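full-length UniProt numbering applies: residue 1 is where the sequence shown begins, and numbers increase by one.
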Amino acid sequence: MLTPCANSSRLKRKMSVKQTQCSEEDEEPRERDSKIGEVDKVLGSPQDHNVRSRAIFILENASLKKGLVRKEWKILNSHDDANLLLKQNKNLNDYGPDIVFESCVRAKDTDEVLIRVLEEPVTRHLPVNYHIIGLSYSSEMLVDIDDYVCDLSDDVTPVFVVGAMVNGKVKRDNTHDYISVSDYPLGAKCCVGLICDALEQKWKLF
């Protein structure tokens, strides 16, 4: 079965460095600089990069910002590093990597985190048959996510763009569909969970 944090290995993600988005793709891993490698080490990445993705998740505006704390580089967060960030007049809402960690999709059998760090632009890593779906509470297109996913053609690879920020919304630009899945604002973890449940039903992963 699929759960928000325990899903089929065919559900993939990737993350870009410039806008820190998450998702998965089929190309060979690109050469990373030290910054990318550090983030990749923290989040983990799939061992087999040749498995074709059936669905892709992108976490938009994810808060993955590095900083030097006690002579060690780390991903800053508003809980442990609040004093440092406030001294630098930073907005604590811009430092929430926990949203990314909570939203990670994992392989059912190995518990492997299916996430990779990639450079912009994100679209160059997507398969040719991709179909980008932006999720936003502000969208006028309110859908039943189970029915929506069921109606998606098997010939396309759905790419779900979910907001991973405390404030703001997913941009409509470059999306094929711009949908809302609830009458109420939902967190990234909840949105990913709803989509995974819908995909489980569509693909009969029981």
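Don't be surprised by glycine CBs; every beta carbon is placed ideally from N, CA and C.
Computed from a prediction, not measured in an experiment: that's the story for all the values here.
{"Item": "Sheet register partners of Y178 (DSSP bridge)", "Value": "G134"}
{"Item": "Coarse secondary structure for R124, derived from DSSP in three states", "Value": "helix"}
{"Item": "Among E200, T157, G168, K87, the one whose alpha carbon lies nearest that of T123", "Value": "T157"}
{"Item": "Cβ pair count under 8 Å reaching 3, the region 98-106 against the region 187-202", "Value": "yes"}
{"Item": "8 Å Cβ cutoff met for S136 and K169", "Value": "yes"}
{"Item": "Buried or exposed by the 16-neighbour rule on C-beta atoms within 10 Å, applied to A198", "Value": "buried"}
{"Item": "C-alpha gap between L59 and N83, whole angstroms", "Value": "27 Å"}
{"Item": "Extent of the continuous alpha helix (DSSP H) to which V192 belongs", "Value": "188-203"}
{"Item": "Proximity of V105 and G134 at Cβ, strictly below 8 Å", "Value": "no"}
{"Item": "Exposed unless 16 or more other CB atoms sit within 10 angstroms - verdict on residue 220", "Value": "Residue 220 is absent from the structure shown; the chain starts at 1 and stops at 206."}
{"Item": "Residue environment, S138, which counts as buried when at least 16 other CB atoms sit within 10 Å", "Value": "exposed"}
{"Item": "Among V159, A164, I145, D147, the one whose alpha carbon lies nearest that of N174", "Value": "V159"}
{"Item": "As assigned by DSSP and simplified to three states, the class of E140", "Value": "coil"}
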